[in-house]
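Novice: Under the numbering used here, the first residue of the sequence shown carries the number 6, and numbering increases by one thereafter.
Think of the CB as a built atom: it goes at the ideal place given N, C-alpha and C, for glycine as much as any other residue.
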Amino acid sequence: MAFPSFFIIFIILVVLFQYHLRKNMRIEEQAKEKFWQKEKESLIVRKKNFSQEDYIKIPDDNLPLDKVPDFSQSDLMYYKQLIHQLHQLEPLDKMNFSHLSNTDIRLQFGTANQTIIQNNETNYNNYLQVLGKLAKLYLDNNDRDMAQGILERCIAMKSDYRDHFMGLASLYADTGRRQALEDLIQKAESLESPLKKGLTQSLKSL
């Protein structure tokens with residue numbers, strides 16, 4: 006009698022498996038159709054004007070970046086290269102829509118603006134990367150105040166770079182600035198970034 010019972014259970018399991026398989030296939034097919042419909046719609050959206058809020062501005066933090074530091078000859082040459090890069094990037098438009106897909110960008114701003122946004126995002130990321138290198142250079146030369154100021158500029162510009170947050174958090178922790186560290190965690194939590202969760206967890210572990 007055990008064999009028929011086992012066979013019936015087996016048949017039920019097969020039927021349930023096929024049911025869930027067909028259900029998942031329908032859901033996947035619907036998701037694909039929805040995606041391609043959204044993609045199709047995004048390709049015909051007319052160009053829209055940007056608002057001032059769409060641009061990322063450089064904070065007026067009065068950092069004395071042009072004051073030539075007392076570095077070694079090699080570090081001084083590297084510093085001048087970084088400052089030159091910053092000056093080239095400063096007047097360029099900067100944007101950050103990394104939390105949006107290309108489809109969402111086209112739907113929100115128009116197809117013709119996608120390349121403009123990509124270029125502005127490149128300007129933004131290049132600027133943050135140069136600032137990060139400059140902060141590290143100052144830190145390597147034991148100028149913690151300048152390193153902190155530079156990293157604070159990065160955070161003010163909505164950076165989601167892990168090195169920027171963790172570097173600034175370490176400076177705060179080393180000097181016992183717990184409130185500043187808590188404020189930094191809140192800024193990480195307010196980011197519109199897929200990196201937010203991991204970054205926040207790392208900061209809270211300090």
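1. What would DSSP say about residue 77, mapped onto helix, strand or coil?
2. Taking three-plus beta-carbon pairs below 8 Å as touching, is the stretch 115 to 135 in contact with the stretch 49 to 59?
3. Would you call the stretch 122 to 131 in contact with the stretch 142 to 160, where contact means no fewer than 3 C-beta pairs closer than 8 Å?
4. Does the beta-carbon of residue 164 have 16 or more other beta-carbons within 10 angstroms, so that it is buried, or is it exposed?
5. What residue does the alpha helix (DSSP H) around residue 151 start on, and which one ends it?
6. Here's a check: name, in chain order, each residue in its chain whose Cβ is nearer than 7 Å to the Cβ of residue 122, leaving out the five neighbours to either side.
7. Return the first residue and the last residue of the alpha helix (DSSP H) that residue 111 is part of.
8. Between residue 51 and chain C, is the shortest Cβ-Cβ distance under 9 Å, so that the two count as touching?
9. Determine the direct distance from the alpha carbon of residue 150 to that of residue 86, and round the result to whole angstroms.
10. Within a Cβ cutoff of 6 Å, which residues of the same chain sit near residue 144, ignoring the five residues on either side of it in sequence?
11. Which one of 98, 65, 89, 33 has the shortest CA to CA distance from residue 57?
12. From the DSSP output, in three-state form, read off residue 89 for me.
13. Smallest Cα separation from residue 70: which of 27, 23, 211, 136?
14. Is residue 182 helix, strand or coil by DSSP?
Specialist: Reading off the structure:
1. In the sequence shown, the residue the question calls residue 77 occupies position 72. Residue 77 falls in the coil class under three-state DSSP.
2. Yes, the stretch 115 to 135 is in contact with the stretch 49 to 59.
3. No, because fewer than three Cβ pairs between the stretch 122 to 131 and the stretch 142 to 160 fall closer than 8 Å, the two stretches do not touch.
4. In the sequence shown, counting from the first residue as 1, residue 164 sits at position 159. It counts as buried.
5. For the purposes of this step, residue 151 is taken as the residue at position 146 of the sequence shown. In the DSSP assignment, residue 151 falls within the alpha helix (DSSP H) that extends over 149 to 161.
6. For the purposes of this step, residue 122 is identified with residue 117 of the sequence shown, where counting begins at 1. Excluding the 5 residues flanking it on each side, residue 122 has same chain C-beta neighbours closer than 7 Å at 100, 102, 110, 114, in chain order.
7. As a working note, residue 111 is residue 106 in the sequence shown. That run of the alpha helix (DSSP H) goes 107 to 114.
8. Structure shown: chain C not included; a single protein chain is present.
9. Position 81 of the sequence shown holds residue 86. Position 145 of the sequence shown holds residue 150. CA-CA distance, residue 86 to residue 150, rounds to 21 Å.
10. As a first step, residue 144 is located in the sequence shown; it is residue number 139 there, counting from the start. Correct list, in chain order: 152.
11. Along the sequence shown, read from residue 1 onward, the residue named residue 57 stands at position 52. Residue 98 holds the alpha-carbon nearest to the alpha-carbon of residue 57 among 98, 65, 89, 33.
12. Your numbering for residue 89 matches position 84 in the sequence shown. Three-state DSSP puts residue 89 in a helix.
13. Your numbering for residue 70 matches position 65 in the sequence shown. Measuring from the Cα of residue 70, the nearest candidate turns out to be 136.
14. Here residue 182 refers to the residue found at position 177 when the sequence shown is read from its first residue. Residue 182: coil per DSSP, three-state reduction.
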